[in-house]
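Report on the structure given below.
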Amino acid sequence: MIAMMITGITWAESALRSTTLGQGTISGTTPLEVALARPPASGRDTHGRTSAAATLFTPRGAGSLEVGTLAPRRGHLYWVNLDKRRPALVLSPDYRNRYASDIIVVPCSVRLRPAPTHVMLRRGQGGLAENSVLKCEQITALSKADVAEPAIGKPLPTAILRAVERAVLRAIGVPVPLEPA
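In our numbering, the protein residues as written are 64 to 244.
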């Protein structure tokens, strides 16, 4: 672990270097996804040495996720507990959603105020009961415990996900031109 700190290599990079194609892969994932999703063995770094840092990435408790466990899906809307119960779009990638204890979401609101960081949704899209707006400036990480399964409806179209990604970039100050309506 100290050698990794000196060279600037992360545990994920180290795991990727020690993972070969076809070995240790999980069905449907790339070696990089496996390396990013797989924490070091309990209390040990990728070389088998005991490490305090390695324990930070060890899943804890009865709720820790395993391969194949249902997890919120990118592009779907779910009911979440924020300031109040509201729909939110899951923006984090599926491989992260399976293994992390939290997910990255963009909350919805029924207050339809146009803004460069808002993406409008029509009633019915993603299973919504009324017209709503995704407030991309309020992107946040949320514990899976605050997410109600199942998804509200079908996934949002790819074009809407791309619009959300662009609005998030605008929210953090990256100059992204508005697309014509």
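The C-beta atom is built at its ideal place from N, Cα and C for all residues, glycine as well. Nothing here was measured: the structure is a model prediction, and the numbers come from that model.
Contact annotation: the stretch 208-222 does not touch the stretch 230-240, with fewer than three C-beta pairs closer than 8 Å.
For the 8 Å CB-CB criterion, L140 and G187 do not form a contact.
Annotation: T203 is outside any alpha helix (DSSP H); the continuous beta strand (DSSP E) that includes it extends over T203 to S206. Counting only the Cα atoms, N160 lies some 14 Å from P213.
Less than 8 Å separates the beta-carbon of H181 from that of K198.
Measuring C-alpha to C-alpha distances from L152 to each of P135, D146, Y162 and R229 identifies P135 as the nearest. Sorting A230, V196, A226 and L232 by C-alpha distance to the C-alpha of L175 places V196 at the top. When the Cα atoms are used, L154 and G138 turn out to be separated by approximately 6 Å. The C-alpha of P170 is placed about 16 Å away from the C-alpha of R233. For I235, the secondary structure class from DSSP, reduced to helix, strand or coil, is coil.
Scanning A226, L241, E242 and V210 for the CA closest to the CA of I167 turns up V210. Distance between V231 and A192, taken at the CA atoms: about 24 Å.
Secondary structure remark: continuous alpha helix (DSSP H) runs of at least 4 residues inside the stretch 179-219: none found. Going by DSSP, D157 is part of no beta strand (DSSP E) but of the alpha helix (DSSP H) stretching over D157 to Y162.
Closest by C-alpha distance to E200, out of G189, G190 and P177, is P177.
DSSP, read as helix, strand or coil, puts R225 in helix.
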